[in-house]
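Data first, discussion second: the structure below is written as structure tokens.
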Amino acid sequence: LETLSGIEPEDWFRQAEGSVSHLAWQIGHLAMAEYGLTMLRIRGKEPADESLISKNFLRKFKKGSTPVFDAAEYPAIEEILAVFHAVHEQALAELGTYTSDDQFAETLPAPYAVYPNKLGSILFCSCHEMLHAGQIGMIRRLLGKPPVR
Numbered sequence: 183l184e185t186l187s188g189i190e191p192e193d194w195f196r197q198a199e200g201s202v203s204h205l206a207w208q209i210g211h212l213a214m215a216e217y218g219l220t221m222l223r224i225r226g227k228e229p230a231d232e233s234l235i236s237k238n239f240l241r242k243f244k245k246g247s248t249p250v251f252d253a254a255e256y257p258a259i260e261e262i263l264a265v266f267h268a269v270h271e272q273a274l275a276e277l278g279t280y281t282s283d284d285q286f287a288e289t290l291p292a293p294y295a296v297y298p299n300k301l302g303s304i305l306f307c308s309c310h311e312m313l314h315a316g317q318i319g320m321i322r323r324l325l326g327k328p329p330v331r
């Protein structure tokens, strides 16, 4: 999250000229996607998932949602970051429990990216994150912040 260093709270929901998104939506969307690609698609929905990432959070940041440039329409920055970190930690913990390549080879129904199996879902998660890291970097620059190296 070095790309977020030096970003003031008022900039999280700001639409920089030339941008169609904002930082809060980008981070919330990454949390939603990591949950979907590394947990939901891999092991299905679990009862504890609602306390990890709520249905409302998923709805706000799902694929195809349109960013709204009004902070009142979203969870607080602290909540977005807390969900982002919690989802990532849970994903790492769960993925560490897989002990067989056969588990990753299990097929998944469409839609899928990369390969139609669980490994493809996990691989796409990192590709998706890099795509949005680029968008976050561009928004950062459009907000007048220096690049992060």
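According to my numbering, the sequence shown holds residues 183 to 331 in order.
Just so you know, even glycine gets a beta-carbon here, dropped at the ideal spot from N, CA and C.
As the structure is a prediction and not an experimental result, all values here were calculated from the model.
If you check the CB distance, A213 and F251 do not come in under 8 Å.
At a Cβ-Cβ threshold of 8 Å, K327 and I224 do not count as neighbours. The alpha-carbon separation between A315 and H211 amounts to approximately 11 Å.
Following the DSSP letters along the chain, one finds D283 inside the alpha helix (DSSP H) bounded by residues 283-287. Q208 places its beta carbon less than 8 Å from that of Q317. Using a Cβ distance threshold of 8 Å, L234 and A258 do not count as a contacting pair. One Cα belongs to R323, the other to E276, and the distance between them is close to 35 Å. Contact annotation, E216 with C307: C-beta distance approximately 6 Å; criterion of less than 8 Å satisfied. In this chain, the alpha helix (DSSP H) harbouring L313 covers 300-324.
Taking a 10 Å sphere around the C-beta of S187, we find fewer than 16 other C-beta atoms and assign the residue as exposed. Cβ-Cβ separation between L205 and S303: approximately 26 Å, too far for a contact (criterion under 8 Å).
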